[in-house]
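Trainee: Numbering (the working numbering) for the sequence shown: 552 to 734.
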Amino acid sequence: MKRIAQATILGLSLLVPFSATAARVVRVRRTRTTVVVHNGFPIRRALPNVVVVAPRVAFRVAPATYLPVVPFRAVIVAAPPATTLAWEDSQSLDREDGWSDFALNVDSRGRALFLEVKGRAQVNFAEVVFDNGETQVVDFNDANLRSGVYQLLDFRDGRKVDHVRLVAAAKSADAKLIVRMAK
Numbered sequence: 552m553k554r555i556a557q558a559t560i561l562g563l564s565l566l567v568p569f570s571a572t573a574a575r576v577v578r579v580r581r582t583r584t585t586v587v588v589h590n591g592f593p594i595r596r597a598l599p600n601v602v603v604v605a606p607r608v609a610f611r612v613a614p615a616t617y618l619p620v621v622p623f624r625a626v627i628v629a630a631p632p633a634t635t636l637a638w639e640d641s642q643s644l645d646r647e648d649g650w651s652d653f654a655l656n657v658d659s660r661g662r663a664l665f666l667e668v669k670g671r672a673q674v675n676f677a678e679v680v681f682d683n684g685e686t687q688v689v690d691f692n693d694a695n696l697r698s699g700v701y702q703l704l705d706f707r708d709g710r711k712v713d714h715v716r717l718v719a720a721a722k723s724a725d726a727k728l729i730v731r732m733a734k
């Protein structure tokens, strides 16, 4: 009986260090704020509260005039060939953040923008700011998108884009949005 008690005490003493050193996951709560838009922004519905992801670089151009809103058509298209790409960037989304507001620095000339979704995401709007300050808003109207490539905007005459801003939320654990510009 004495040996069983000693074995139990020894076993319990070995467990204490393991539980005391167990890895802890610390989740930093990001600040949520309302979406900030400029005068003349064409979408008139209430916009979601978002976590703002700081841009990697400062933008050269701010929205000056808004063109008529373009409604988004959720049709999956073929991805543009790699040889025709002028620019590409991406943003991973965290489902626990909810809605995120982020912008990608384009600073390139092209003829069309494409949005690739990896995982599942819900998108509120995209704001494409051209180098002359004209801004085209694509209204997704909170569309739920599955994995695939979608045409975001077509400007066949070729334009220089300063940056693209998106308000989106991850609907799967590993959601990622990739924006590409074709030459």
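We put the CB at the ideal spot given by N, CA and C, even for glycine. Note that the structure is predicted; figures quoted are calculated from it, not measured.
Along the chain, which unbroken stretches of the beta strand (DSSP E) at least 3 residues long are found entirely within the segment 689-721?
Mentor: 699-721
Trainee: I'd like the ranges of any beta strand (DSSP E) spanning at least 3 consecutive residues and lying wholly in the segment 618-701.
Mentor: 636-643, 650-669, 672-681, 685-696
Trainee: Let me know the secondary structure DSSP gives valine 577 once reduced to three states.
Mentor: Residue confidence for valine 577 is low, a pLDDT of 49 falling below 50, so the modelled location carries little weight; the figure read from the coordinates is stated next. Coil, per DSSP.
Trainee: For the beta strand (DSSP E) that asparagine 600 lies in, which residues bound it at each end?
Mentor: For asparagine 600, the uninterrupted beta strand (DSSP E) run begins and ends at 600-603, by DSSP.
Trainee: Measuring only the C-alpha atoms, how far is valine 601 from asparagine 656?
Mentor: If I take the Cα positions, the gap works out to 20 Å.
Trainee: Using 8 Å as the threshold, is the segment 644-662 in touch with the segment 683-690, meaning 3 or more CB pairs across them?
Mentor: no
Trainee: What do you get for alanine 726, buried or exposed, if any count of 16 or more other CB atoms within 10 angstroms of its CB means buried?
Mentor: buried
Trainee: Quick one: using the 10 Å Cβ neighbour count with 16 as the cut-off for buried, is glycine 710 buried or exposed?
Mentor: Correcting the residue identity first, residue 710 is arginine in this sequence and not glycine. So arginine 710 counts as buried.
Trainee: Who are the Cβ neighbours of leucine 664 in its own chain at under 6 Å, not counting the five residues just before and after it?
Mentor: Leu703, Leu704, Met732
Trainee: With burial defined as no fewer than 16 other Cβ atoms inside 10 Å of the residue's Cβ, what is the status of asparagine 675: buried or exposed?
Mentor: buried
Trainee: Using only CA atoms, which one of Leu717, Phe691, Trp638, Pro614 lies nearest to glycine 591?
Mentor: Looking at the Cα atoms, Pro614 is the closest of the given residues.
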